[in-house]
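Comments concern the structure below.
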Amino acid sequence: MLYPNLTINENGHLAIAGFDTVDLAKKYGTALYVIDEDRLRQNCRLYVNSMKKHFGEDSMPLYASKALCFTGIYRIVAECGMGTDIVSSGELYTAIKAGFPLEKAFFHGNNKTDADIEYAIENGLGYFIVDNEEELGAINEIAGAHGISQKILLRITPGIDPHTHKAVVTGSVDSKFGSAIETGRAYEMVEAALSKNHIILEGFHCHIGSQIFECEPFCDAADIMLKFIADVKSKYSYRANILNLGGGFGVRYTEADPHIDIDANIADVASHVKKRCAEFGVDMPKILMEPGRSIVADTGITLYTVGSVKEIADLKNYVSIDGGMPDNPRYALYGSAYTVMLANRANETADFKCSIAGRCCESGDLIQENVMLPRPVRGDILAVLVTGAYNYSMASNYNRIPRPAILLVGKNGERIAVKRETFEDLCLCDN
Ligand SMILES: *Cc1c(COP(=O)(O)O)cnc(C)c1O
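Numbering-wise, the sequence shown is residues 3 to 433 according to the numbering used here.
Listed below in structure tokens is the structure:
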């Protein structure tokens, strides 16, 4: 199996954290997201402990909550000692509802509206990560009107290509995010930030992309950022307190993906950062990281019930399920790879090649193509593994399909963290 929390029990059923998935499907219905809460907490603590160990006590991982966002998860990551990243007022609202300590919240995004800025400042947001000059002006003005000075980081594009899918590359000059060092824009942003009365520039942020398996791109980004920090120190006598290295560590979706040792990678990045700080003659800033996927992806699976099985002779076999792109758009969007199995027949020989289709009116509504399963029949339970990240958070109601429930399982038992949407919920906003 891909991860140690996924096992096959004595009934030949897939189990997650020891819970029989066929029982869960029966009890809670499908489609169903199931999250292993113990593994989630383990992943959080791994980052917290590893960063403290290698970067020092004042370093901190921020959970990039766009990966999986609901009130309960903010409570869990806060309990584990993480801060959080949010990218919209909706995510901020959810964090507030959860009672998340907002001094540890960082507001991202390339186009924060005045309403976003107002809302965040009124609620005592810790930091904005400022993308552009217009936004900087707006934050300065709104902070001034509220009689406060607002802490910020500047988002800098270091010009790194981390060799992943182009839709998830964000650190190159040609990006809608941040200000590039190469073009000189980053320096202009520092000057502008330092000149504003109601802005406290705490440091810098970069995020080079996602699903990265080596530490090399992070070390390269750290090099560029520390060189930049040394430059602004000599140019403006400005000392950066914080360097946020972003998120992006990869996770194992299929057997073809490598295992990643987060602690070893953080150790490597840390020793690199320390070396460069000494070389460039700058004090080591407080280091932040922003893992999203690597906190939640491998904690989750999705359970579906098989409907029709269509064999198109000499061409293709389609297995249709009671979900699809509304609960997991990632194959339709990026062609993302997933591991798929029959949860109720987990020990049977997988000798039937098929594509897993959702139930929307779109040919592109696929979860995965050309996977091997035991020949499914109507009523089988199909499990898609490693769906904890960017599934529920990207879910839609396309074709008026209600979003599935999120069930947390672990040593504290099982509990519904997000209720299944009802048909009534679908019409709540209709006038
Ligand atoms: C998406 C995002 C992250 C999280 O990336 P993962 O690949 O999920 O770890 C972190 N920081 C920023 C700015 C992001 O946009």
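Just so it is clear, CB atoms sit at the ideal spot from N, CA and C, and this is done for glycine as well.
Cutoff 7 Å; reference LYS229; Cβ partners in own chain excluding five residues on either side = PHE282
With respect to 7 Å, is the separation between the Cβ of PHE354 and the closest non-hydrogen atom of ligand 1 below this value?
-> For ligand 1, not one heavy atom lies less than 7 Å from the Cβ of PHE354.
To the nearest angstrom, how far is it from the Cα of PHE130 to the Cα of ASN112?
-> 11 Å
In or out: PRO260 buried (at least 16 other Cβ within 10 Å) or exposed?
-> So PRO260 counts as exposed.
Is the region 310-330 in contact with the region 380-396, if contact means three or more CB pairs nearer than 8 Å?
-> yes
CB of ILE231 within 8 Å of CB of VAL284, strictly | yes
Select from PRO103, ALA97, SER91, ILE98 the residue whose C-alpha is nearest the C-alpha of GLY83.
-> Answer by Cα proximity: PRO103.
Between the CA atoms of ASP116 and ALA140 - distance to the nearest angstrom | 7 Å
Taking 8 Å as the cut-off, decide whether the C-beta atoms of PHE215 and ILE268 are in contact.
-> It is not a contact, given that the beta carbons lie outside the stated cut-off.
Range of the contiguous beta strand (DSSP E) that encloses ILE88 | From DSSP, the beta strand (DSSP E) with ILE88 extends over 85-88.
Would you check if there are 3 or more beta carbon pairs closer than 8 Å linking the region 353-365 to the region 406-413?
-> No, the region 353-365 is not in contact with the region 406-413.
Contact test: PRO293 Cβ vs ligand 1 heavy atom, cutoff 7 Å = PRO293: yes, Cβ under 7 Å from ligand 1.
Looking at the structure shown, is GLY205 part of a helix, part of a strand, or coil, going by DSSP?
-> strand
What runs of the beta strand (DSSP E), each 3 residues or longer, lie entirely inside the region 249-335?
-> 288-291, 302-314, 318-323
Compute every distance between the C-beta of SER212 and the non-hydrogen atoms of ligand 3, then say whether any falls below 7 Å.
-> The model on display carries ligand 1 but not ligand 3.
Alpha-carbon spacing of SER188 relative to THR389, whole angstroms | Inspection of the sequence shows that residue 188 is occupied by Ala rather than by Ser. Approximately 36 Å between the Cα atoms of the pair.
Continuous beta strand (DSSP E) stretch holding PRO63: start and end = 62-66
Between GLU120 and the rest of its own chain, which residues show a CB-CB distance below 8 Å, the 5 nearest in sequence each way excluded?
-> ILE144
Could you tell me which residues DSSP pairs with THR9 in its beta bridges?
-> ALA17
Going by the C-beta, is ASP259 closer than 7 Å to any heavy atom of ligand 1?
-> For ASP259, the shortest separation between its Cβ and any heavy atom of ligand 1 does not lie below 7 Å.
Contact check, ILE210 vs PRO219, beta carbons under 8 Å = yes
Ends of the alpha helix (DSSP H) at THR159?
-> Where THR159 is concerned, there is no enclosing alpha helix (DSSP H), although the beta strand (DSSP E) it sits in stretches over 152-159.
Assuming TYR439 and PRO63 make a contact with CB atoms under 8 Å, what is their CB distance in whole Å?
-> The displayed coordinates of the chain run from 3 to 433. Any statement about residue 439 would go beyond what the structure contains.
From the DSSP output, which residues share a beta bridge with LEU409?
-> VAL36, ILE418
Start and end of the beta strand (DSSP E) containing ASN243?
-> Note, ASN243: premise wrong, no beta strand (DSSP E); not H, not E.
Find out if the Cβ-Cβ distance for the pair LEU387, TYR340 is shorter than 8 Å.
-> yes
Looking at the unbroken alpha helix (DSSP H) that takes in LEU368, where does it start and where does it end?
-> No alpha helix (DSSP H) holds LEU368; the beta strand (DSSP E) holding it covers 368-375.
Determine, using beta-carbon pairs with one atom in the region 33-51 and one in the region 13-23, whether at least three such pairs fall under 8 Å.
-> Yes: the two stretches touch, three or more of their Cβ pairs being nearer than 8 Å.
Proximity test, SER296 beta-carbon vs ligand 1 heavy atom, cut-off 7 Å | yes
For LEU317, count neighbouring Cβ atoms within 10 angstroms of its own Cβ and tell me buried if that reaches 16, exposed if not.
-> exposed
Taking the Cβ atom as the reference point for each residue, do ALA334 and GLY366 lie within a distance shorter than 8 Å?
-> Between ALA334 and GLY366, the gap from beta carbon to beta carbon is short of 8 Å.
How many angstroms separate the CA atom of PRO328 from the CA atom of GLU416?
-> When the Cα atoms are used, PRO328 and GLU416 turn out to be separated by approximately 25 Å.
Are the beta-carbon atoms of LEU155 and GLY205 separated by less than 8 Å?
-> yes
Is PHE130 helix, strand or coil by DSSP?
-> Looking at PHE130 - three-state DSSP - the assignment turns out to be strand.
How far does the alpha helix (DSSP H) with MET227 in it reach, from first residue to last?
-> 218-238
So what does DSSP say about LEU48, is it helix, strand or coil?
-> helix
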